[in-house]
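Residue numbers (the working numbering): 2 to 179.
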């Protein structure tokens with residue numbers, strides 16, 4: 002009986018310790034990029050929204066947590082949000098499909114989030130489903146990435162629409178080789 006209690010207590014300590022250890026080696030952070038969909042986009046025609054390189058800020062995020070870039074084990078995109086920045090009266094009803102890709106120097110473009118056949122919901126916020134188990138550590142380790150936004154519209158838009166793209170990343174850093 003003492004052995005069973007001892008094993009149970011030991012197991013509980015290990016499980017609790019592992020969770021606390023994970024809290025020290027894992028974190029989330031976000032970046033933001035504004036993109037503009039021009040008013041002359043054709044209906045039902047795929048369009049790549051012009052974007053620029055975005056700083057990943059991973060060095061800063063690691064520094065404030067006293068971690069090193071070479072210790073990054075995994076980075077996954079856990080959430081991708083879109084917000085209409087302007088005009089304030091706009092909503093996402095014009096959008097039929099959206100695909101988000103990452104590209105970095107020396108790495109191919111990779112799909113990270115996508116939603117097709119969006120319904121008209123009169124909202125200025127969308128959460129786009131991310132591609133599961135897509136380890137993008139090598140992209141985020143770079144100083145800059147390019148966030149490609151491909152859209153298909155199902156309505157004519159009569160003015161430029163500026164959208165904030167906000168990806169949230171989950172980072173797992175190895176400590177002591179663990």
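Where is the CB? At the ideal position from N, CA and C, for every residue including glycine. In this text the structure is predicted, and so the values were computed from the model without any measurement.
| Query | Result |
| --- | --- |
| Would you tell me roughly how many angstroms separate the C-alpha atoms of residue 1 and residue 30, rounded to the nearest one? | An answer regarding residue 1 cannot be provided, because it is not within the stretch 2 to 179 covered by the chain. |
| Which residues in the same chain as residue 110 place their Cβ atom closer than 8 Å to its Cβ, once the five residues preceding and following it in sequence are excluded? | 102, 103, 104 and 149 |
| Does residue 80 come out as helix, strand or coil in the three-state DSSP assignment? | strand |
| Of all the options 106, 65 and 156, which has the alpha carbon lying nearest to the alpha carbon of residue 25? | 65 |
| Since residue 175 and residue 57 are thought to touch, with beta carbons under 8 Å apart, how far apart are those beta carbons, to the nearest angstrom? | That pair is no contact at about 19 Å. |
| Hey, residue 164 and residue 84 are a contact pair by Cβ (cut 8 Å); roughly how many whole angstroms apart? | 7 Å |
| Short check: CB of residue 55 to CB of residue 34, under 8 Å? | yes |
| Rounded C-beta distance between residue 78 and residue 135? I'm assuming under 8 Å. | 7 Å |
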